[in-house]
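Contents: one structure, followed by commentary.
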C-alpha cells in the first residue's frame with residue numbers, strides 16, 4: 001500500500017520527524033509520496049519584497065489566497081524552488097532517493113485555470129479577475145508509480161498545470177491539501193495530513209475533544225460541524241480524497257517522533273471511505289447492502 005503524506009507549511013510545523021519517518025518507511029519497502037504546503041513562506045517572501053499577500057473570502061465563507069501574476073512568480077520561486085528542494089535535500093541526507101516534482105512536470109497535476117473568482121467584499125458578491133488558480137482534474141499516476149517502482153520517493157509541490165480556455169497552459173496555484181487528496185485518490189493510497197494540531201477537535205481550543213475516527217456519514221457530519229478555520233479546507237480535501245479512491249485519511253500532528261507511523265496506527269483523526277453517503281441510496285431512501 002502506498003502512503004501519501006502532506007506536510008503543512010505553518011510556522012509551528014517541524015518536518016524533521018516526518019522526514020525521518022519517511023526514511024524508515026522507505027527502508028521497510030513501503031511506498032511514500034511526500035507533498036507539502038508553504039503559504040507561510042510565500043507570504044513572508046512577498047513581505048520581504050515589500051508586497052502584501054492578498055486573501056479573499058468566497059460567497060460560501062471560505063478564505064483563500066488571491067494569486068495575481070506577481071504573486072504567482074513568487075509562488076513558483078518559493079514552492080518548487082526553495083521548499084521542495086530543501087525537502088529533497090533533507091531526504092537524501094536521511095538516505096532516501098528523493099525526486100522533486102511540481103504539478104507542472106509531466107502533467108502531474110492538471111486542471112482548468114480560473115482567471116476570475118467570486119468573492120465577498122463588504123457583504124457584497126463581486127468578480128475579481130486576474131487570478132492564477134485552478135482546480136485539479138487529473139493526476140499522472142503513471143509517472144508517480146514509475147518512480148515508486150524504481151525505488152524513488154516523489155516529493156510533490158504545487159503549482160499545477162492550468163489549461164486556458166483559448167488553449168495552452170499556465171502554471172497556477174492550487175490548494176496543497178487538495179493536491180495531496182487528488183494524488184491519494186489516484187493512487188488509492190492512505191493519506192496522512194500532518195499539521196500543527198493532533199487532529200480535528202469538537203472544541204477547537206481543547207485537544208482533549210479530539211475526534212479519533214469517523215466511519216459513518218453521521219460521524220462525518222459531526223467532523224464537518226467541528227472543523228473550523230484552516231481545518232475546514234482539510235476536511236474538504238479529505239472528502240475529495242475518499243471520493244477519488246483513497247483508502248483512508250488521517251489528520252494528525254507533524255510534531256511527533258514518528259508522526260506518519262503514529263497516524264497510520266490511529267493517533268489522529270482517521271476518516272474511512274464508509275463516511276461517504278451513497279447518493280443513490282440517499283435519494284431513494286434505500287439502505288446500502
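Numbering (our numbering), first residue to last: 1 to 289. Glycine included, C-beta positions come from ideal geometry on N, C-alpha and C.
Check whether the Cβ atoms of residue 160 and residue 174 sit closer than 7 Å, and answer yes or no. To locate residue 160, count along the chain shown from 1; it is residue 160. To locate residue 174, count along the chain shown from 1; it is residue 174. The answer is yes: Cβ separation under 7 Å.
Can at least three beta-carbon pairs, one atom from the region 19-29 and one from the region 41-58, be found at a separation below 8 Å? no
Quick check on residue 35: does DSSP put it in helix, strand or coil? Counted from its first residue, the chain shown places residue 35 at position 35. Residue state, collapsed to three classes: strand.
Do three or more CB pairs link the region 137-146 to the region 98-115 at distances below 8 Å? yes
Around the C-beta of residue 77, are 16 or more other C-beta atoms found within 10 angstroms, so that it is buried, or is it exposed? Residue numbering aside, residue 77 sits at position 77 when the chain shown is read from its first letter. Per the 10 Å Cβ criterion, exposed.
As a quick exercise: from 8, 154, 2, 188, pick the residue whose alpha carbon is nearest that of residue 195. Against the chain shown, residue 195 aligns to sequence position 195. The residue with the shortest Cα to Cα distance from residue 195 is 8.
Okay, do the region 163-180 and the region 64-76 touch, 3+ Cβ pairs below 8 Å being the bar? yes
Excluding the 5 residues preceding and the 5 following residue 90 in the sequence, name in chain order all residues of the same chain whose CB lies nearer than 6 Å to its CB. Counting from 1 along the chain shown, the entry for residue 90 is found at position 90. Closer than 6 Å at the Cβ level, and outside the excluded window around residue 90, lie 19.
Within a Cβ cutoff of 6 Å, which residues of the same chain sit near residue 15, ignoring the five residues on either side of it in sequence? Indexing the chain shown from 1 puts residue 15 at position 15. So the qualifying residues of the chain are 7.
Answer yes if the region 217-233 comes into contact with the region 265-275, meaning at least three C-beta pairs across the two stretches below 8 Å, and no otherwise. yes
Buried versus exposed call for residue 79 [16 or more other C-beta atoms within 10 Å across all chains shown]: In the chain shown, residue 79 corresponds to position 79, counting from 1. With 16 or more Cβ atoms within 10 Å of its Cβ, residue 79 is classed as buried.
Distance, residue 255 Cα to residue 98 Cα: Position 98 of the chain shown, counted from the start, is the residue given in the question as residue 98. Position 255 of the chain shown, counted from the start, is the residue given in the question as residue 255. Those two C-alpha atoms are separated by around 22 Å.
Using only alpha-carbon positions, find the residue among 247, 165, 260 that is nearest to residue 198. Within the chain shown, numbered from 1, the residue matching residue 198 stands at position 198. The shortest Cα separation from residue 198 among 247, 165, 260 belongs to 260.
Beta-carbon within less than 6 Å of residue 244's beta-carbon, same chain only, minus the 5 sequence neighbours each way: which residues are those? One-based indexing of the chain shown puts residue 244 at position 244. Correct list, in chain order: 185.
Excluding the 5 residues flanking residue 38 on each side, which residues of the same chain have their C-beta closer than 8 Å to its C-beta? The sequence position of residue 38 within the chain shown is 38, counting from 1. Closer than 8 Å at the Cβ level, and outside the excluded window around residue 38, lie 9, 78, 79, 83, 157, 176.
Identify which residue in 179, 209, 230, 63 has its Cα closest to the Cα of residue 134. What you label residue 134 is simply residue 134 of the chain shown in a count that begins at 1. Out of 179, 209, 230, 63, 179 has the C-alpha closest to the C-alpha of residue 134.
Once you ignore the five residues that flank residue 56 on each side, which residues in its own chain have a CB closer than 6 Å to its CB? Taking the first residue of the chain shown as position 1, residue 56 is located at position 56. If we look at residue 56 and ignore the five residues flanking it on each side, its Cβ neighbours are 66, 119.
Can you tell which of 35, 121, 127 has its C-alpha closest to the C-alpha of residue 85? Locating residue 85 in the chain shown gives position 85, where the first residue counts as 1. Checked all of 35, 121, 127; the closest Cα to residue 85 is 35.
Within the same chain, show all residues whose beta-carbon is closer than 6 Å to that of residue 117, passing over the 5 residues directly before and after it, in chain order. Numbered from 1 along the chain shown, position 117 holds the residue referred to as residue 117. Here the set comprises 128, 131.
Quick one: Cα of residue 253 to Cα of residue 268, how far? Locating residue 253 in the chain shown gives position 253, where the first residue counts as 1. Locating residue 268 in the chain shown gives position 268, where the first residue counts as 1. Near 7 Å, if we compare the C-alpha coordinates of residue 268 and residue 253.
Give the DSSP-derived three-state secondary structure of residue 260 in the structure shown. The residue given as residue 260 occupies position 260 in the chain shown. Helix at residue 260.
Measuring alpha carbon to alpha carbon, tell me which of 235, 40, 125, 104 ends up nearest residue 12. Here residue 12 corresponds to residue number 12 of the chain shown, with the count starting at 1. Here the closest residue by C-alpha is 40.
Quick test of your reading: residue 302 and residue 201, contact by CB under 8 Å. State the CB separation rounded to the nearest angstrom. Outside the displayed span of the chain (1 to 289) sits residue 302, for which this structure offers no information.
To the nearest whole angstrom, what separates the beta carbons of residue 74 and residue 45, a pair I think is in contact under 8 Å? What you label residue 74 is simply residue 74 of the chain shown in a count that begins at 1. What you label residue 45 is simply residue 45 of the chain shown in a count that begins at 1. Correct: roughly 5 Å between the Cβ atoms.
Residue 164 to residue 235, Cα distance in whole Å? The residue labelled residue 164 in the question sits at position 164 within the chain shown. The residue labelled residue 235 in the question sits at position 235 within the chain shown. Each residue's Cα considered, the two are about 29 Å apart.
Using a Cβ-Cβ cut-off of 6 Å (strictly less than) and excluding sequence neighbours within five positions of residue 190, which residues of its own chain qualify? In the chain shown, counting from the first residue as 1, residue 190 sits at position 190. Around residue 190: 3, 247, 248.
Residue range of the alpha helix (DSSP H) that includes residue 57: For this step, residue 57 is matched to residue 57 along the chain shown. Residue 57 -> not in any alpha helix (DSSP H); beta strand (DSSP E) instead, spanning 55-57.
Please name the residue, chosen from 61, 147, 114, that lies closest to residue 137 on a Cα-to-Cα basis. Translated into the one-based positions of the chain shown, residue 137 becomes position 137. Of 61, 147, 114, the residue nearest in Cα terms is 114.
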